[in-house]
Amino acid sequence: MASGEVTQGHHAEVTSAAASALPVGTVITNSGRVSATRFPGQAPTTPPFSREELIGLDDALKSASEKALVRFSVFIGELGSDAVADARAELLRAPEPANGALIAVSPNTREVVVVSGVKVADRVNDRVAQLGVTAAVTGFRQGDLIDGLIAALRVMSTAAAVS
461 MASGEVTQGH HAEVTSAAAS ALPVGTVITN SGRVSATRFP GQAPTTPPFS REELIGLDDA
521 LKSASEKALV RFSVFIGELG SDAVADARAE LLRAPEPANG ALIAVSPNTR EVVVVSGVKV
581 ADRVNDRVAQ LGVTAAVTGF RQGDLIDGLI AALRVMSTAA AVS
């Protein structure tokens with residue numbers, strides 16, 4: 461899961477069970493974002509994005525989550541033969557999956573999947589997901605994965621915002 465899982469404008473209570481399930485060197489920050497470190501000698505496990513791109517994505521995730529009151533997250537990686545099922549499995553690993561929405565991107569197969577939790581499915585529905593994918597694909601075609609994701613988050617959060 462890319463860093464950037466955020467709360468919906470308030471600080472989430474982290475149970476000791478949830479905190480103990482995190483890998484060593486991983487924490488949930490006060491904003492609700494999952495932050496992980498790597499130890500000396502470990503190969504980098506983060507995407508090959510610049511610091512500025514990751515900060516931009518983190519800011520977009522936080523802003524989108526606060527605007528729509530949906531816990532948005534992003535997954536970049538390989539999805540299996542059933543991309544939707546794999547995206548749903550990734551969403552279940554995110555904090556508060558029932559209140560969440562996940563944009564999953566499989567770069568090698570060029571698949572983009574949006575799934576949402578049961579408590580926000582009425583707002584992050586197929587129409588909103590299609591708007592997000594359309595916004596993302598424009599950036600992807602220009603070779604900019606992060607800009608595409610940021611565009612998708614902006615469009616989806618606006619469409620899913622509570623009036």
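Mapped onto our numbering, the consecutive letters of the sequence shown carry residue numbers 461 to 623.
Ideal Cβ positions, reconstructed from N, Cα and C, are used throughout, including at glycine.
Since residue i and residue j are thought to touch, with beta carbons under 8 Å apart, how far apart are those beta carbons, to the nearest angstrom?
| i | j | result |
| --- | --- | --- |
| L521 | F532 | 5 Å |
| V534 | I563 | 5 Å |
| V544 | A561 | So it is not a contact: roughly 14 Å between Cβ atoms. |
| A528 | A620 | 4 Å |
Return helix, strand or coil for residue i, following the three-state DSSP convention.
| i | result |
| --- | --- |
| A524 | helix |
| V572 | strand |
| S617 | helix |
| Q468 | Note on Q468: pLDDT 31, under 50, position unreliable in the model; no value is reported. |
| L482 | coil |
| F532 | strand |
| A581 | coil |
| L539 | coil |
| P567 | coil |
What's the C-alpha gap between residue i and residue j?
| i | j | result |
| --- | --- | --- |
| S576 | L605 | 21 Å |
| S523 | R548 | 23 Å |
| V484 | V494 | 12 Å |
| V593 | T486 | 30 Å |
| D586 | A496 | 32 Å |
| L613 | G540 | 24 Å |
| G603 | Q590 | 20 Å |
The alpha helix (DSSP H) that contains residue i, what's its start and end?
| i | result |
| --- | --- |
| G603 | Segment: none, G603 is in no alpha helix (DSSP H) and carries neither H nor E. |
Go ahead and label residue i buried or exposed: buried means 16 or more other beta carbons lie within 10 angstroms of its beta carbon, across all protein chains shown.
| i | result |
| --- | --- |
| A596 | buried |
| D518 | buried |
| P567 | exposed |
| E512 | exposed |
| D582 | exposed |
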